[in-house]
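Start counting the sequence shown at 3; every next residue gets the next number (the working numbering). Positions of the beta carbon are idealized from the N, C-alpha and C atoms, including for glycine. Please read these numbers as outputs of a predicted model, since none were measured by experiment.
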Amino acid sequence: MTPAARVAAAAEILDGILEGTPAEKALTGWARGSRFAGSKDRAAVRDHVFQALRCLRSYAALGGAKETTGRSLMIGAMRAEGADLASIFSGEGHAPAPLSAQELEGGRAPEAGAEACDMPEWLWPALCEALGEGAAEEAGLMRERADVFLRVNPLYGSRAEAQAALAEEGVVSEAHPLAQTALKVLEGARRVRLTHAFEDGLIELQDAASQAVVAWLPLERAETVLDYCAGGGGKSLAIAARTAARIVATDIAPERMKDVPARALRAGASITVKSLEDFAPDDCFDFVLCDAPCSGSGAWRRAPAGKWLLSEERLAALCETQVDVLHHAARRVAAGGQLAYVTCSLLTAENEAVVAQFEALAPEWHCTAQKRWLPSAGGDGFFGAIFTRK
């Protein structure tokens, strides 16, 4: 495919997403119907689509159309890159049609604030409240593609050994300061899963800030740990590399944990997977991690469609769920144990406000530590809080 044909394909896929098709489903559907597209073509089209979703509002302004479409977004994207529009929008072969007079003249610079930072208008005040003067910087980072990070498994080797093993297979990396186990991939990101280091459990794909969260958890005295919202098990695996405690992973949707046993086997970790229905009433743990469902606003570089799907009503419902999940997780904490609340959100409503609400509704619990990890530190945005019983 030519560069122009890739732009045309991205515009078509974006039209489907704007009409309500999930991004991954739209990309998969296009790939299945475009057998002529090679792996580099699919990767380039994917990059176009996700970058347009990260920068939807500013690209729409630069695109100059009255209505946001896949075509207007790609016009805006090409303008942002300083590309030669006439050579891309030529109408030749599989290239998109030439620009109309309106498209030629209609582009404008995005307005400062929510539009320039590519945030929903309704959400911008909440982001400014949470991040203060740093809101524009942190939101601006969400307009960029996220780095690929690896977690080195100390059960199998050191960070230096992992770097050397990866380099032998064409994956170049560097140590990242957010966590002692973190590597940032500089070259060969798409080869990571094909390396012996990955297949043998020496490394796992995990954001650096996510690793930092686990390193921050006070697990030193815990003999039993429950990962209450385990999902794919990334934090369970990182916990297993830190402690010899007995680890149990659970989730309200057990199907999310289907890969945990295989991942644990590869990593040399002992993790028991249980559904919530399998717990006895008196099953309690020294440490319970509650990585709660959230807006994902700290990770919108990786899942940019999320910020356009989030609504005020959805955010309010999430906050209610977070408090409810904390209540249920707290019942699994043994006497003298601790409860951790974690989100990958930047918003006060999901973080400090939930902590305060939980303390008000459960006065026997007291927050003893809080911490934020911002995208400007290099990884995703996270929040953590530790509770103990009074």
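The Cβ atoms of Lys276 and Thr252 sit closer than 7 Å to each other.
Residue range Glu314 to Ala332 is occupied by the alpha helix (DSSP H) that includes Thr323.
For Asp149, the secondary structure class from DSSP, reduced to helix, strand or coil, is coil. Classified as exposed, Thr30 has fewer than 16 neighbouring CB atoms from the shown chains inside 10 Å of its CB.
Within the model, the alpha-carbon separation for Asp293 versus Phe200 is close to 25 Å.
The Cβ atoms of Ser238 and Ile273 lie closer than 7 Å to each other. With respect to the C-alpha of Arg268, the residue from Ala46, Gly66, Pro365 and Gly236 having the closest C-alpha is Gly236. Taking a cut-off of 8 Å on C-beta distances, the segment 3 to 11 touches the segment 79 to 96, as three or more cross pairs fall below it.
A residue is called buried once 16 or more other Cβ atoms fall within 10 Å of its Cβ, and Glu131, having fewer, is exposed. Shortest Cα-Cα distance from Glu14 to any of Leu58, Pro98, Gly66 and Leu320 involves Pro98.
Of the candidates Asp261, Leu133, Pro256 and Gly270, Gly270 places its Cα closest to the Cα of Ile241.
When the beta-carbon positions are compared, Pro24 and Ser60 stay at least 7 Å from each other. Counting C-beta pairs closer than 8 Å gives three or more between the segment 315 to 328 and the segment 280 to 300, which meets the contact rule. If you ignore the 5 residues before and after Leu348, its C-beta comes within less than 7 Å of the C-beta of Leu129, Ala132, Leu133, Glu140, Ser299, Gly300 and Gly383, all in its own chain and listed in chain order.
The segment 218 to 238 and the segment 156 to 175 do not touch, with fewer than 3 CB-CB distances between them shorter than 8 Å. Proximity of the segment 151 to 158 to the segment 337 to 346 falls short of the contact definition, fewer than three beta-carbon pairs being nearer than 8 Å. Taking 7 Å as the cut-off, the Cβ atoms of His178 and Lys186 count as close.
Gly308: not part of any beta strand (DSSP E); member of the alpha helix (DSSP H) spanning Ala307 to Leu311, first to last residue. Around Asp261, the same chain offers Gly234 and Gly235 as residues with beta carbons nearer than 8 Å, after the five sequence neighbours per side are excluded.
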